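J.: Pasting a structure here, questions to come.
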Amino acid sequence: MVEGKARGVFRILNMDCTSCTRAISRTLYKLDGVIDVSFNYITDKIYVEYDPEKVTMDD
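Residue numbers (my numbering): 3 to 61.
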């Protein structure tokens with residue numbers, strides 16, 4: 003991972019709807035500092051790459 007970037011992992015149970023993942027992505031990308039959002043439907047996990055100087059996991 004590049005310096006100045008962090009990665010958060012969140013678990014959302016029963017995440018199987020693409021419209022739901024789009025809504026989550028849109029919301030996360032509105033936060034200043036979010037760089038990338040990816041999903042794993044098998045593990046129900048969302049991976050968020052972000053700049054910790056602009057946004058925190060608590061935001």
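Glycine is no exception: its CB is placed at the ideal position from the N, C-alpha and C atoms. Source: prediction; values computed, not measured.
1) Between residue 18 and the rest of its own chain, which residues show a CB-CB distance below 7 Å, the 5 nearest in sequence each way excluded?
2) Classify residue 26 as helix, strand or coil using the three-state DSSP reduction.
3) Identify, in the order they occur along the chain, each residue of the same chain with its Cβ nearer than 8 Å to the Cβ of residue 1, setting aside the five sequence neighbours on each side.
4) Roughly how many angstroms separate the alpha carbons of residue 52 and residue 26, rounded to a whole number?
5) Hey, would you say residue 33 sits closer than 7 Å to residue 61, going by beta carbons?
T.: Quick answer:
1) If we look at residue 18 and ignore the five residues flanking it on each side, its Cβ neighbours are 43.
2) If DSSP states are grouped into helix, strand and coil, residue 26 belongs with the helices.
3) Beyond the ends of the chain as shown, which are 3 and 61, falls residue 1; an answer cannot be given.
4) Per the coordinates, the alpha-carbon of residue 52 lies some 15 Å from the alpha-carbon of residue 26.
5) Yes.
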